[in-house]
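Numbering (the working numbering), first residue to last: 71 to 441. Everything below concerns the one structure shown next.
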């Protein structure tokens, strides 16, 4: 950075820290608790400079979800053709009123008029985060948001214009203090670190990180649990945007729902694999950090492990592939013997697991006469 650029940054930082908070006055009431703020030019310029990397984008999107009262935040983080970073953030927070859907990406629009603060994650409450992301993103859009049910926002970034850390797989080093509290002490300043810092800062917010398919599998599993609780009268909070997922039992429908309602692009094949529980739900970042503690830094692949006490034990999953192979071999021997008596040829059986049952499919053919 040039000397001039650094001096400008220092000046903006000074203004940001010591400017009279009265400069954050309401310019326009937008209704539903939202306002458009009047802020200083220095604050506006500083906000635009706050988004310099993919990590900054994730930080702001997750912070917005957290500030909206979300108790679960899902971050789908997927790269396309080695260049395009697709990010979808889903939450079960307060949601955005429908009349405000078109305004949230405008400058200085916020619901936090009395809460402009600076914390470990920077200044927020200025109503500039989504606007600033929009300036650097190839695309950013509100996929869906319903009051009391949450919000889904999708962003697409060109990493040649908005850089990211090369290592997006390693979580940070942790250290336990005198009171037993874990803190981040090192490691790459990547997206896993951003999410780890949020998870450690607020233990009451569960944060998940994965690919589109992994996040969808986790939401599908969560939806099934929520629907059971709702049916039993045990769920009193609002239904999140993914509540209906658990009622879908067809791959094409799941594929379409995920794309149109949740901003998650998955193939029909992966949608079917999710229905068959071939893609397991993720454990949360919080759980991973609690489990790993101060050992060597975990990796994103460690999130794929089966979460404790949450994976529904469908009976068919107790049968491993070796068990299915033995069933197939035994059936093949028996069916060949029976086929001889009825002039039938039978192809090797196809065995599929379906929750609490297995399905065996046989293809039959007329046996040709031997010369």
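Just so you know, even glycine gets a beta-carbon here, dropped at the ideal spot from N, CA and C.
Examine the Cβ distances between the stretch 395-413 and the stretch 363-371 and report whether three or more of them are shorter than 8 Å. no
DSSP three-state assignment for residue 203, whether helix, strand or coil: On the chain shown, position 133 is the one that residue 203 refers to. In the structure shown, the three-state DSSP call for residue 203 is helix.
Proximal residues to residue 35 (C-beta, below 8 Å), its chain only, five neighbours per side dropped: The question about residue 35 has no answer, for the chain in this structure spans 71 to 441.
Buried or exposed: residue 221, going by 16 or more other Cβ atoms within 10 Å of its Cβ? Along the chain shown, read from residue 1 onward, the residue named residue 221 stands at position 151. It is buried - the Cβ of residue 221 has at least 16 other Cβ atoms within 10 Å.
Backbone CA spacing between residue 218 and residue 390 [nearest angstrom]: Locating residue 218 in the chain shown gives position 148, where the first residue counts as 1. Locating residue 390 in the chain shown gives position 320, where the first residue counts as 1. Rounded to the nearest whole angstrom, the CA to CA distance from residue 218 to residue 390 is 42 Å.
Between 433, 253, 331, 261, which lies nearest to residue 363 when the distance is taken from Cα to Cα? The residue labelled residue 363 in the question sits at position 293 within the chain shown. Of 433, 253, 331, 261, the residue nearest in Cα terms is 253.
The stretch 238-252 in contact with the stretch 345-360 per 3-pair CB rule at 8 Å: yes
My guess is that residue 293 and residue 316 are in contact by the Cβ rule of under 8 Å, so how many angstroms apart are they, rounded? The count along the chain shown starts at 1 and reaches residue 293 at position 223. The count along the chain shown starts at 1 and reaches residue 316 at position 246. 4 Å between Cβ atoms; contact.
In DSSP terms, what residue 369 is bridged to: For the purposes of this step, residue 369 is taken as the residue at position 299 of the chain shown. Beta-bridge pairing links residue 369 to 240.
Just tell me which of 122, 237, 236, 208 has its CA closest to the CA of residue 227. Position 157 of the chain shown, counted from the start, is the residue given in the question as residue 227. Nearest option by C-alpha distance: 208.
Compare the C-alpha of residue 250 against each of 260, 126, 270, 266 and name the closest. The count along the chain shown starts at 1 and reaches residue 250 at position 180. Among 260, 126, 270, 266, the Cα nearest to that of residue 250 belongs to 270.
So residue 273 is in the beta strand (DSSP E); what residue range does that whole segment cover? Mapped onto the chain shown, residue 273 falls at position 203. First-last for residue 273: undefined, no H or E at that position.
Determine the DSSP secondary structure at residue 353, reduced to helix, strand or coil. Position 283 of the chain shown holds residue 353. The answer is coil: DSSP assigns residue 353 none of H, G, I, E or B.
Let me know the beta strand (DSSP E) ranges lying completely inside the stretch 310-349, each 3 residues or longer, listed in chain order. none
Could you work out which residue in 224, 259, 281, 413 is closest to residue 330 when comparing CA atoms only? What you label residue 330 is simply residue 260 of the chain shown in a count that begins at 1. Selected option, being the one with the closest Cα: 224.
Element boundaries [alpha helix (DSSP H), containing residue 402]: Taking the first residue of the chain shown as position 1, residue 402 is located at position 332. Where residue 402 is concerned, the enclosing alpha helix (DSSP H) stretches over 391-412.
Compute the minimum distance between the beta carbon of residue 238 and the heavy atoms of the ligand NAP, and state whether it is under 7 Å. This structure lacks the ligand NAP; in fact it carries no ligand of any kind.
Among 202, 139, 161, 131, whose alpha-carbon lies nearest the alpha-carbon of residue 122? On the chain shown, position 52 is the one that residue 122 refers to. It is 202 whose Cα lies nearest to the Cα of residue 122.
Tell me whether residue 170 sits in a helix, a strand or coil according to DSSP, three-state version. Taking the first residue of the chain shown as position 1, residue 170 is located at position 100. Residue state, collapsed to three classes: helix.
Starting from residue 131, follow the alpha helix (DSSP H) in both directions and report where the run begins and ends. The residue given as residue 131 occupies position 61 in the chain shown. Run containing residue 131: 124-137, per the alpha helix (DSSP H) assignment.
Distance, Cα to Cα, residue 412 vs residue 328? Working through the chain shown from its first residue, we reach residue 412 at position 342. Working through the chain shown from its first residue, we reach residue 328 at position 258. C-alpha separation (whole angstroms): 48 Å.
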